[in-house]
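Down below is the structure, laid out as structure tokens.
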Amino acid sequence: MTEPTKIDVKRRILESNELAAAKLRQGFSATGTLVVNLISSPGSGKTTLLESTIGRLSGLKVAVLEGDIATERDADRIRKLGVPARQILTGGSCHLDARQIQREIVEEGFANADILFIENVGNLICPTAYDLGEDFKIALLSVSEGDDKPFKYPGIFSKAAVTIITKIDLLDYVDFDLEAVEDQIRSLNQRSVILKTSARAGTHLDEWCAFLRSTLEKKRGGAGPLP
Amino acid sequence: MHETSIAASILETAQGLIREQGEGRLESVKVAVGELSAVEPDLLVFAWEALISGTSTPDAALEIEWSPAQTYCPTCNRNLDRARGSWLRLCSKCGDPVVTKGGDELDIVQISFIQEDSNQP
Ligand SMILES: Nc1nc2c(ncn2[C@@H]2O[C@H](COP(=O)(O)OP(=O)(O)OP(=O)(O)O)[C@@H](O)[C@H]2O)c(=O)[nH]1
Ligand SMILES: [Mg+2]
Ligand SMILES: [Zn+2]
Ligand SMILES: [Zn+2]
């Protein structure tokens, strides 16, 4: 009986996705496009935040890719605001991958945008592992989801350069210890930027948009790691 | 359940690595899965078994090497002990903020296969 051959390797499991993402990143770098990948549970307020962000980014070319398992609903919501948006239907898959982004950005208005928002499929776990060529990931956590989430989903909160705590207009109605959540996030990710917004009340949206504008400037100035 | 796509990527990569060596039957694959990789080892094994049972190497095993993240205190210059799934913000000894490092492994580290002579029937 033949002995098995064993070979030691060091290969990323998602190597082919990571190669595709690197290619995308190169393209975005050439066009000076800031790309963010928004990740959260279903219903944390990703699309609503984008809706209230777009009007505040006047002077910038914005484009949006919407990932969902089914329906054109989110892309329709964005297109109503006069911004190019494409819906990527994953047909059951729980995350977007770099190939799907490659297929969409050949479209006019996407490859040369100033800021490209990618709204991932609503899911706090699976999208974490897939690089989409973004500059950074943003995790959204709404206050109605509970204040134990960063430690329950450490993968995404450790990888996201920015966490946005959303729906803070609801803070009076839910038990959500903001300080405890910030502590958890900082335990996982010491450099994390933490923002707190309410799209409903308009709270801190100017701060969020100023952050986007200054990060775009920083990217174009080639000034070190983002954000 | 992206463990299904992760399992498919492992199989595809392992088969590619064997092809680089000639021909062979996959015996086992060893992968490193980090604590912060967002991949659940139990679910991955489950997905692997479902996938591999329908291939020409239904007995090929998936071995998982668990790779915890490190909690490091720059002031004390040491890694702190902590239970799996628990996290620290401050050093238990000096009280300074700690740094979380690593734990994002999602790598194939070894493949084992039986070489086959393509000239034999
Ligand atoms: N009170 C309050 N409700 C909000 C806020 N932002 C969003 N919502 C509500 O939360 C619900 C979900 O919002 P969406 O923006 O569709 O959430 P999403 O993350 O895009 O959801 P999926 O795409 O399905 O994952 C809607 O009913 C919104 O009106 C907010 O700041 N405050
Ligand atoms: Mg949405
Ligand atoms: Zn999944
Ligand atoms: Zn210490």
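Protein sequences, first through last, are from chains A and B. Just so we're aligned: 133 in the numbering used here is position 133 of the first sequence, and the numbers increase by one with no gaps anywhere. Just so we're aligned: 1042 in the numbering used here is position 42 of the second sequence, and the numbers increase by one with no gaps anywhere. Note that CB positions come from ideal geometry on N, CA and C, so glycine has one too.
The region 1003 to 1046 of chain B is shown to contain whole alpha helix (DSSP H) runs of 4 or more residues at 1003 to 1020, in chain order. Taking a C-beta cut-off of 9 Å against chain A, the contacting residues of the region 1065 to 1097 of chain B are 1069, 1071, 1085, 1086, 1087, 1088, 1089, 1090 and 1097, listed in chain order. The criterion of a C-beta distance shorter than 8 Å is not satisfied by residue 181 of chain A and residue 135 of chain A. Here the alpha carbon of residue 159 of chain A sits roughly 7 Å from the alpha carbon of residue 189 of chain A. Residue 90 of chain A and residue 72 of chain A have their alpha carbons spaced roughly 12 Å apart. With the rule of 3 Cβ pairs closer than 8 Å, the region 1051 to 1062 of chain B counts as touching the region 1026 to 1035 of chain B.
Of all residues in the region 5 to 19 of chain A, only 5, 6, 7, 8, 9, 10, 11, 12, 13, 14, 15, 16 and 17 come within less than 9 Å of chain B when Cβ atoms are compared, listed by chain position. Of the heavy atoms belonging to ligand 2, none sits nearer than 7 Å to the Cβ of residue 51 of chain A.
Contact check for residue 30 of chain A against residue 98 of chain A fails: the beta carbons are separated by 8 Å or more. For residue 1041 of chain B, same chain residues with a beta-carbon under 6 Å away, outside a window of 5 residues either side, are 1033 and 1064 in chain order.
Fully enclosed beta strand (DSSP E) runs of no fewer than 3 residues occupy 1099 to 1101 of the region 1074 to 1113 of chain B, in order along the chain. In terms of side-chain proximity, the C-beta atom of residue 74 of chain A is found nearer than 7 Å to a non-hydrogen atom of ligand 1. Residue 1071 of chain B is bridged by DSSP to B:1100. In the DSSP assignment, residue 68 of chain A falls outside any alpha helix (DSSP H) and within the unbroken beta strand (DSSP E) covering 62 to 68. Here residue 115 of chain A is bridged, per DSSP, to A:34 and A:62.
Within the model, the alpha-carbon separation for residue 39 of chain A versus residue 58 of chain A is close to 24 Å. For the C-beta of residue 188 of chain A, the chain B residues within less than 8 Å are, from N- to C-terminus, 1036, 1087 and 1100. Within chain A, the residues 4 have their CB atoms less than 7 Å from the CB of residue 1027 of chain B, given in chain order. With respect to residue 25 of chain A, residue 109 of chain A sits apart: the two C-beta atoms are not nearer than 8 Å. Restricting attention to A:172, A:68, A:118 and A:113, the CA atom closest to the CA of residue 50 of chain A is found in A:118.
For residue 1015 of chain B, not one C-beta of chain A is nearer than 8 Å to its own C-beta. Taking a beta-carbon distance threshold of 8 Å, residue 155 of chain A counts as an interface residue toward chain B. Around residue 125 of chain A, the beta-carbon contacts reaching into chain B at under 7 Å are 1038. Secondary structure at residue 87 of chain A: strand, using DSSP grouped into helix, strand and coil. DSSP places residue 142 of chain A in no alpha helix (DSSP H) but in the uninterrupted beta strand (DSSP E) bounded by 136 to 142. Residue nearest to residue 1104 of chain B within the set B:1117, B:1066, B:1097 and B:1113 is B:1066 (criterion: CA-CA distance).
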